[in-house]
Amino acid sequence: MFKPLSNAYSTALAGYLQNSQGLLNLTKGDFFPLFWSSWTSVFKPPLIKRSFEATGIHPANLDAALKKFAKEASDSDSSQSVLSGEDWLKLKSIVRREVKDQSSKDVKKLERSLHHIAAQNSILREEVRGLRDSLAIKKRRDNKPYTLQLESNQGYHGGAVFWSPKRVQQARDDEVSRQQQAVQQQLQKAEITEMKEQARLCKLQLLQEKRVERERRQEVRRKEIAAKLAEKQHQKRLRDAKKSYTIAPKG
Numbered sequence: 032m033f034k035p036l037s038n039a040y041s042t043a044l045a046g047y048l049q050n051s052q053g054l055l056n057l058t059k060g061d062f063f064p065l066f067w068s069s070w071t072s073v074f075k076p077p078l079i080k081r082s083f084e085a086t087g088i089h090p091a092n093l094d095a096a097l098k099k100f101a102k103e104a105s106d107s108d109s110s111q112s113v114l115s116g117e118d119w120l121k122l123k124s125i126v127r128r129e130v131k132d133q134s135s136k137d138v139k140k141l142e143r144s145l146h147h148i149a150a151q152n153s154i155l156r157e158e159v160r161g162l163r164d165s166l167a168i169k170k171r172r173d174n175k176p177y178t179l180q181l182e183s184n185q186g187y188h189g190g191a192v193f194w195s196p197k198r199v200q201q202a203r204d205d206e207v208s209r210q211q212q213a214v215q216q217q218l219q220k221a222e223i224t225e226m227k228e229q230a231r232l233c234k235l236q237l238l239q240e241k242r243v244e245r246e247r248r249q250e251v252r253r254k255e256i257a258a259k260l261a262e263k264q265h266q267k268r269l270r271d272a273k274k275s276y277t278i279a280p281k282g
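What the sequence shown shows, in our numbering, is residues 32 to 282, in sequence order.
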């Protein structure tokens with residue numbers, strides 16, 4: 032009886048490690064669920080009865096240990112109309128039974144393709160199941176337990192304390208109120224942080240607009256100065272030309 036339990040526990044532990052895919056660490060709280068699932072899957076009345084019969088304890092049989100028992104194969108799934116990806120051997124048998132030319136390259140290619148698809152399907156199903164189990168365990172771990180704040184009488188120094196259902200319900204309501212208040216405080220902090228960020232961005236935008244306006248005014252000022260200088264040079268050239276025309280000797 033304990034050999035199947037050991038095998039079941041090893042299988043459950045290996046399955047847990049494989050399904051978690053390295054996302055979860057094995058904690059103390061995981062050992063008992065694995066052991067209990069193995070225990071409940073192994074220690075069932077039929078197995079207990081067969082164990083007692085195999086050892087000759089009940090019914091009493093001295094030659095029971097010398098007997099060998101063969102597990103009969105079950106043909107319950109032989110009449111299934113649809114085969115899953117795990118039934119690769121059955122798929123291969125159907126192909127061999129229905130196809131006459133087994134040496135054909137297309138037949139061999141079909142068998143390899145079916146094998147590949149079945150293997151990939153099995154791997155993906157195991158990965159999905161493992162990820163779902165890991166997420167469920169992680170979600171349970173995130174729900175941390177809390178202790179109810181039951182205030183006792185300061186003058187009492189006895190042993191056990193019994194609380195009325197009303198007092199326990201009041202403590203639970205107070206805990207819910209504290210949790211809601213904590214959530215509200217977190218929301219307020221987030222809103223304050225968001226407001227500060229918006230104010231910072233608004234300030235940066237105003238500074239950017241002022242800088243652009245300052246650069247625009249400087250550009251306008253440079254253009255005005257350049258225009259005045261060009262006009263001054265133009266007037267100077269006109270005066271110089273006029274003077275040259277005035278003092279030029281007449282022929």
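Glycine included, C-beta positions come from ideal geometry on N, C-alpha and C.
A quick note: this is a predicted structure, and the numbers were derived from the prediction, not measured.
- Query: If you draw a straight line from the C-alpha of leucine 5 to the C-alpha of glutamine 212, how long is it?
  - Reply: Residue 5 lies beyond the range of the chain shown here (32 to 282); nothing can be said about it.
- Query: Does the beta-carbon distance from glutamine 49 to serine 165 come in below 8 Å?
  - Reply: no
- Below 8 Å, can you find three or more Cβ-Cβ pairs linking the stretch 125-145 to the stretch 34-45? no
- Message: Assuming the contact rule is C-beta atoms closer than 8 Å, leucine 55 and lysine 169 should be a hit. Round their C-beta distance to whole Å, please.
- Response: 7 Å
- Which of helix, strand or coil DSSP assigns to histidine 89: coil
- Find out if the Cβ-Cβ distance for the pair alanine 91, serine 69 is shorter than 8 Å. no
- Task: Name the two residues that bound the continuous alpha helix (DSSP H) containing phenylalanine 63.
- Result: 62-73
- Query: Would tyrosine 276 be called buried (16 or more neighbouring beta carbons within 10 Å of its own) or exposed?
  - Reply: exposed
- Is serine 51 helix, strand or coil by DSSP? helix
- Please classify valine 130: does DSSP put it in a helix, a strand, or coil? coil
- Message: Rounded to the nearest angstrom, what separates valine 130 and lysine 121 at their Cα positions?
- Response: 14 Å
- Message: Given this structure, state the Cα-to-Cα distance separating glutamine 201 from glutamine 217, to the nearest angstrom.
- Response: 24 Å
- Message: So for threonine 58, helix, strand or coil by DSSP?
- Response: coil
- serine 153 lies in the alpha helix (DSSP H); which residues open and close that run? 136-173
- Task: To the nearest angstrom, report how far apart arginine 127 and serine 135 are at their CA atoms.
- Result: 11 Å
- When we look at the beta-carbon of leucine 269 and count the other beta-carbons within 10 Å, is it buried (16 or more) or exposed? exposed
- Query: Alpha carbon to alpha carbon, how far is leucine 260 from lysine 254?
  - Reply: 10 Å
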